[in-house]
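Asks:
Residue numbers (this note's numbering): 2 to 113.
1) Please look up how many angstroms separate the CB atoms of residue 27 and residue 43, rounded, as I've assumed it's under 8 Å.
2) Please determine, among 99, 101, 80, 95, the residue with the shortest C-alpha to C-alpha distance to residue 7.
3) Tell me whether residue 15 is buried or exposed, calling it buried when 16 or more other Cβ atoms sit within 10 Å of its Cβ.
4) Is DSSP giving residue 11 helix, strand or coil here?
5) How many Å lie between residue 36 and residue 84 at the Cα?
6) Assuming residue 19 and residue 63 form a contact by the criterion Cβ under 8 Å, report the distance between their Cβ atoms to the nearest whole angstrom.
7) With distances taken between CB atoms, is the gap from residue 66 to residue 52 smaller than 8 Å?
8) Are residue 73 and residue 39 close, meaning C-beta to C-beta below 8 Å?
9) Looking at the structure shown, is residue 96 part of a helix, part of a strand, or coil, going by DSSP?
10) Could you check which residue in 80, 29, 3 has the C-alpha nearest to that of residue 101?
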C-alpha cells in the first residue's frame with residue numbers, strides 16, 4: 002500500500018510518461034479516496050488538460066477528465082489500452098509502458 006505522498010509521485014511520473022510531459026509540468030491538484038487529480042498545460046491550445054490517476058497493484062491507471070466526448074472519460078484499463086507499470090525504489094520512480102502492439106517504453110523518473 003502506497004502512502005499518499007508516494008501515490009502522488011507515482012501518478013505524477015506515470016502521467017508525465019504517458020502524455021509526453023516533464024514531471025514538473027504535471028500539477029497535482031488533489032487526492033480523494035486513492036484517486037489523484039492532476040492537470041498540465043495543453044500543448045496545442047495552451048489550456049489545461051485534466052486526468053485522474055490511481056494505482057492498481059503495480060499498474061498506473063488513469064482517465065481523462067473533461068473531454069468533449071464523454072466516452073473518452075474512461076479508465077484506461079480495457080483490453081487494447083497501453084499498460085503502464087511502475088517500480089518505486091526509494092526516491093526513484095521507474096515507469097514502463099507496454100503498448101498494444103507489444104512495444105515497450107521505459108523511463109526512470111529519478112527522485113521526485
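Don't be surprised by glycine CBs; every beta carbon is placed ideally from N, CA and C. As the structure is a computational prediction, the values presented were derived from the model and not from experiment.
Replies: Straight from the coordinates:
1) By one-based count along the chain shown, residue 27 stands at place 26. By one-based count along the chain shown, residue 43 stands at place 42. 13 Å between Cβ atoms; not a contact.
2) Here residue 7 is taken as the residue at index 6 of the chain shown, counted from 1. Considering only alpha carbons, the answer is 95.
3) Along the chain shown, one-based indexing puts residue 15 at 14. It is buried - the Cβ of residue 15 has at least 16 other Cβ atoms within 10 Å.
4) Walking along the chain shown from the start, residue 11 turns up at place 10. It is helical.
5) For the purposes of this step, residue 36 is taken as residue 35 along the chain shown, with counting starting at 1. For the purposes of this step, residue 84 is taken as residue 83 along the chain shown, with counting starting at 1. If I take the Cα positions, the gap works out to 18 Å.
6) The sequence position of residue 19 within the chain shown is 18, counting from 1. The sequence position of residue 63 within the chain shown is 62, counting from 1. That belief holds up - the Cβ atoms of residue 19 and residue 63 are roughly 7 Å apart, short of 8 Å.
7) Mapped onto the chain shown, residue 66 falls at position 65. Mapped onto the chain shown, residue 52 falls at position 51. Cβ atoms of residue 66 and residue 52: closer than 8 Å.
8) On the chain shown, residue 73 is found 72 positions in, with the first residue counted as 1. On the chain shown, residue 39 is found 38 positions in, with the first residue counted as 1. Cβ distance not < 8 Å, so residue 73 and residue 39 don't count as in contact.
9) To locate residue 96, count along the chain shown from 1; it is residue 95. Note: residue 96 maps to strand in three-state DSSP.
10) Working through the chain shown from its first residue, we reach residue 101 at position 100. Out of 80, 29, 3, 80 has the C-alpha closest to the C-alpha of residue 101.
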